[in-house]
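Structure first, then comments.
Printed below as a string of structure tokens:
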């Protein structure tokens, strides 16, 4: 930030990970932009699946590989380099700019949110800009106008008080692993719909025109399936894949464990079994209400032979934006200049709680311009960022901020 | 063994863990007994649940705590101490005795079995004696005449080729954790019966008299439930708990894992999910046939959205003995002398593959005299052996071997 031209930079301590905040307000009469990003990353495990070490950035095949290159440190860097260029050319930034980088995006943004609540005046801006999303594909610069919300849960089931020998006790005692399996088998029906009563009650229906526009995007099933590489596909009946990914809520198992996981055999009936799972939410769904419905249904489904500790680790609202507003059109034009390609308006299946919170708090447009690609392994081993998008992104963002001076 | 009076002792190298063999054949005209035990133990993990370290034997509350005290090193020691006493009193052992201690009982006894096949003449005996089972309860010395067999399986399910971001991909791709849950939910019906077609086909029916005798044993539901400490109980419909544990086959999950298991949240759809599970088998069931039926059914139940690697880690036959034979009566009398309590004939739910193999090979009686208690945490943290049983066991076994000289 300092080398980009910022002079006012703070590291703000929090209960967990500090925030980094910088601002430059030397463009009187010009718009003020609040740029948001995050420096925290998903766990790098399993480490042995990385081709090169997760925290040693390595250039290979036109990509840069490291945890955080796509999500989100590499994308933050695009903005800093664009701003640095503008500062070097003009001796000052063409607009007023505030930069807020947090360290808890992957775990619910709690400290950030406290900071925002206490610094509403300081953070006030005409628009919020975020680069923490993906392009639709290579050569398709994209502006994201919709995100799913995220609730994350953890449960612990306890059957026997202690681990038991499966020979001595097997056949007459409850196995919490089996209870866990039975529970999750009941959380989807055969049409891949979530069985939690009330789960879909308030889901906002999209207009026919919007569904048509989304399905007409140059979204490639071939690229999608190559990126996933599964033997087969499944999803909620009655919706296209793009709709399943962007405008439909889900319930997804993120981790399961219990019993013996080492080499060979251990004939144990474990005392406890664990699961981490999450629900992706879409406009209309209230995260607090969904969390209550999920817990209620889980407790109802479980047999009386196990006890359940149910934790809601985080909740996050869904979001969508009126993408016809002028700033979105400026962003589209700037992307065209940076990439020499027409930019499209898309939605995304992931979640950025901050976007929703900022939108609710400041009621200003939020422009999400992503430079990641869907197959860049965000959250997985060998995460990377395509360098061509990195460089085109810097050009596009420089045009965008320059152009906003005339908004 | 040396201090017990044996002079001929060998350590027999194998492909995995060596065997220990000793013999004393200085009692011409007297019966020859082959005593079998094992020095290998179940993994001690999770280590943090041990009150004192797993491999530092500690006496507490009249018990000795350490991995292997009950299963099976402590029980082997009872025989060595009894033999040492007899040798010190008589200057020689009263019978011919062969001792075979293996190191692979918990992982299928492969090396042992190769050794037995190549050394049939050397190992020949009039009876086999094993102490690797449990007493029915405190104050109830027991002779086990039936064991369940054990097949152990591991499966690996693969959905997407790599771990995926559950926001970006959730809703339109297969989740192998969900497939695993659905699979295991389908392997039991509502009556807790295993759904594998043909699983129960050849199960040998017990006579009414034998079922009556088993159900009349001083088996205590209270002790059982105190040992297990589960919020509720379940088991195959139509059978008593004792029958569920001893004479009915089971399918049991021993371990499940996949996805994120660390602190907090990771929004991942994992590429792979794993399970370890086992079937306990009863007389009439053929382990090879059951393994084939289980694999076939698992593959049939799985959706086409995941691939499955299916491994049979080990197979083991069930066993039961004609407990009216004279040597069993001698054992019962010796136990009465050691414990001042009437000994009972019981079955057990666990598996000792060696017993079956020896029985099939040598066609001699196998006498299983257990000194463990059901709640001594065999295979779990804080495994222990009740010292009163240890000392009474030494007395009983000394009487037994002494008495066999007159058989």
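Protein chains in written order, with the numbering used here: chain X, 505 to 911; chain G, 505 to 911. Each residue gets a CB set at the ideal place from its N, CA and C atoms; glycine is no exception. All figures in this text were calculated on a predicted structure; none of them were measured in a lab.
Using the C-alpha atoms, what's the distance from residue 800 (chain X) back to residue 786 (chain X)? Start at 1 with the first residue of the first chain, and residue 786 (chain X) comes out as number 282. Start at 1 with the first residue of the first chain, and residue 800 (chain X) comes out as number 296. Going by the C-alpha atoms only, they are around 20 Å apart.
Is the beta carbon of residue 657 (chain X) closer than 8 Å to that of residue 815 (chain X)? Walking along the first chain from the start, residue 815 (chain X) turns up at place 311. Walking along the first chain from the start, residue 657 (chain X) turns up at place 153. In this structure, residue 657 (chain X) lies closer than 8 Å to residue 815 (chain X) by Cβ.
What is the rounded straight-line gap between the Cα of residue 662 (chain G) and the Cα of residue 628 (chain G)? Here residue 662 (chain G) is taken as the residue at index 158 of the second chain, counted from 1. Here residue 628 (chain G) is taken as the residue at index 124 of the second chain, counted from 1. The straight-line gap from Cα to Cα measures roughly 49 Å.
When the cut-off is 8 Å and only beta carbons count, does residue 546 (chain X) lie next to chain G? Within the first chain, numbered from 1, the residue matching residue 546 (chain X) stands at position 42. Interface residue, yes.
Between X:895, X:889, X:900, X:581, which has its C-alpha nearest residue 838 (chain X)'s C-alpha? For the purposes of this step, residue 838 (chain X) is taken as the residue at position 334 of the first chain. Nearest of X:895, X:889, X:900, X:581 to residue 838 (chain X), Cα basis: X:900.
Examine the ligand FAD and report whether any of its heavy atoms sits within less than 7 Å of the Cβ of residue 875 (chain G). With respect to the ligand FAD, the structure offers nothing, as it holds no ligand at all.
Could you tell me whether any Cβ in chain G is nearer than 8 Å to the Cβ of residue 818 (chain X)? Residue 818 (chain X) sits at position 314 when you count from the first residue of the first chain. It does: the Cβ of residue 818 (chain X) has a partner Cβ on chain G nearer than 8 Å.
Would you call the CB atoms of residue 893 (chain X) and residue 872 (chain X) closer than 8 Å? What you label residue 893 (chain X) is simply residue 389 of the first chain in a count that begins at 1. What you label residue 872 (chain X) is simply residue 368 of the first chain in a count that begins at 1. Their beta carbons are not under 8 Å apart, which means residue 893 (chain X) does not touch residue 872 (chain X) by this criterion.
Rounded to whole angstroms, what is the Cα-Cα separation between residue 698 (chain X) and residue 754 (chain X)? As a first step, residue 698 (chain X) must be located in the first chain, where it is residue number 194. As a first step, residue 754 (chain X) must be located in the first chain, where it is residue number 250. Taking the straight line from one Cα to the other gives about 7 Å.
Cβ closer than 8 Å: which chain G residues qualify as neighbours of residue 823 (chain X)? Numbered from its first residue, the first chain carries residue 823 (chain X) at position 319. Near residue 823 (chain X) there are no residues of chain G at all, since even the closest Cβ is about 13 Å away, more than 8 Å.
Spatial distance of residue 544 (chain G) from residue 686 (chain G) (CA atoms): By one-based count along the second chain, residue 544 (chain G) stands at place 40. By one-based count along the second chain, residue 686 (chain G) stands at place 182. For residue 544 (chain G) and residue 686 (chain G), the distance between alpha carbons rounds to 35 Å.
Round the Cβ separation of residue 700 (chain X) and residue 640 (chain X) to the nearest angstrom and send it over; I've been treating them as touching at under 8 Å. Working through the first chain from its first residue, we reach residue 700 (chain X) at position 196. Working through the first chain from its first residue, we reach residue 640 (chain X) at position 136. No, residue 700 (chain X) and residue 640 (chain X) are not in contact; Cβ-Cβ is about 31 Å, not under 8 Å.
Under the rule that 16 or more other beta-carbon atoms within 10 Å means buried, what is residue 705 (chain G), buried or exposed? Reading the second chain from its first residue, position 201 is the one you call residue 705 (chain G). Exposed, by the Cβ-count rule.
With a threshold of 16 other CB atoms inside 10 Å of the CB of residue 669 (chain X), please say whether the residue is buried or exposed. Along the first chain, one-based indexing puts residue 669 (chain X) at 165. Buried: at least 16 other Cβ atoms inside 10 Å.
I'd like to know if residue 873 (chain X) contacts chain G, where contact means its C-beta is closer than 8 Å to some C-beta of that chain. The count along the first chain starts at 1 and reaches residue 873 (chain X) at position 369. Chain G, which has no Cβ nearer than 8 Å to the Cβ of residue 873 (chain X), makes this no.
Indicate the three-state DSSP secondary structure (helix, strand or coil) for residue 863 (chain G) in the structure shown. Counted from its first residue, the second chain places residue 863 (chain G) at position 359. Looking at residue 863 (chain G) - three-state DSSP - the assignment turns out to be helix.
Along the chain, which unbroken stretches of the alpha helix (DSSP H) at least 4 residues long are found entirely within the segment 603-637 of chain X? 614-622, 624-627
Using 8 Å as the Cβ pair cut-off and three pairs as the minimum, do the segment 882-891 of chain G and the segment 564-578 of chain G touch? yes
Counting pairs of Cβ atoms below 8 Å between the segment 605-624 of chain X and the segment 852-864 of chain X, do you hit three or more? yes
Looking at C-alpha atoms only, which residue of X:678, X:868, X:596, X:516 is the closest neighbour of residue 508 (chain X)? Sequence index remark: in the first chain, residue 508 (chain X) carries index 4 (1-based). Looking at the Cα atoms, X:596 is the closest of the given residues.
Run through chain X and tell me which residues come within less than 9 Å of residue 641 (chain G), C-beta to C-beta. If you number the second chain from 1, residue 641 (chain G) lands on position 137. Correct list: empty, because the minimum Cβ distance to chain X is about 13 Å.
How should residue 728 (chain X) be labelled, buried or exposed, when 16 other C-beta atoms within 10 angstroms of its C-beta is the threshold for buried? Counted from its first residue, the first chain places residue 728 (chain X) at position 224. Buried, because 16 or more other Cβ atoms sit within 10 Å of the Cβ of residue 728 (chain X).
Considering only residues of the segment 723-777 of chain G, which uninterrupted alpha helix (DSSP H) runs meet the minimum length of 4 residues and lie entirely inside it, listed in chain order? 725-732, 745-750
Closer than 7 Å by beta-carbon distance: list the chain G residues that pair up with residue 761 (chain X), in chain order. As a working mapping, residue 761 (chain X) is identified with position 257 in the first chain. Simply 760, 761, 765.
Can you pull the chain G residues whose beta carbon is under 8 Å from the beta carbon of residue 531 (chain X), in chain order? Position 27 of the first chain, counted from the first residue, corresponds to residue 531 (chain X). Ordered by position in chain G, no residue passes the 8 Å Cβ test against residue 531 (chain X), which lies about 35 Å from the chain.
For residue 514 (chain X) versus residue 602 (chain X), is the C-beta distance shorter than 8 Å? Within the first chain, numbered from 1, the residue matching residue 514 (chain X) stands at position 10. Within the first chain, numbered from 1, the residue matching residue 602 (chain X) stands at position 98. No, these two residues do not count as a Cβ contact at 8 Å.
Proximity to residue 525 (chain G) [Cα-Cα], best of G:533, G:554, G:626: On the second chain, position 21 is the one that residue 525 (chain G) refers to. Here the closest residue by C-alpha is G:626.
Go through its chain and collect everything with a Cβ distance to residue 795 (chain G)'s Cβ below 7 Å, but skip five positions before and after it. The residue you call residue 795 (chain G) lines up with position 291 of the second chain. These residues qualify, in order along the chain: 655, 816, 819.
Residue interval of the alpha helix (DSSP H) (run including residue 892 (chain G)): Reading the second chain from its first residue, position 388 is the one you call residue 892 (chain G). That run of the alpha helix (DSSP H) goes 891-908.
Of all Cβ atoms in chain G, is any one closer than 8 Å to the Cβ of residue 773 (chain X)? Counting from 1 along the first chain, the entry for residue 773 (chain X) is found at position 269. With 8 Å as the cut-off, residue 773 (chain X) counts as an interface residue toward chain G.
Pair within 8 Å by beta-carbon distance, residue 731 (chain G) and residue 879 (chain G): For the purposes of this step, residue 731 (chain G) is taken as residue 227 along the second chain, with counting starting at 1. For the purposes of this step, residue 879 (chain G) is taken as residue 375 along the second chain, with counting starting at 1. Yes; because the gap between Cβ atoms is below 8 Å, this pair is in contact.
What do you get for residue 532 (chain G), buried or exposed, if any count of 16 or more other CB atoms within 10 angstroms of its CB means buried? Your numbering for residue 532 (chain G) matches position 28 in the second chain. By the 10 Å Cβ count, residue 532 (chain G) comes out exposed.
Please report the distance separating the alpha-carbon of residue 582 (chain G) from that of residue 649 (chain G). If you number the second chain from 1, residue 582 (chain G) lands on position 78. If you number the second chain from 1, residue 649 (chain G) lands on position 145. Roughly 20 Å separates the two Cα atoms.
Kindly indicate the opening and closing residues of the alpha helix (DSSP H) around residue 563 (chain G). Stepping through the second chain from its first residue, residue 563 (chain G) is reached at position 59. No alpha helix (DSSP H) holds residue 563 (chain G); the beta strand (DSSP E) holding it covers 562-564.
Return the residues of the segment 736-760 of chain G that lie within a Cβ-Cβ distance of less than 7 Å from chain X, sorted by chain order. 736, 737, 738, 739, 740, 745, 748, 749, 752, 754, 756, 757, 758, 759, 760
Going by the CB atoms, is the gap between residue 623 (chain X) and residue 535 (chain X) shorter than 8 Å? Looking up residue 535 (chain X) in the first chain gives position 31. Looking up residue 623 (chain X) in the first chain gives position 119. No, Cβ-Cβ distance for residue 535 (chain X) and residue 623 (chain X) is not below 8 Å.
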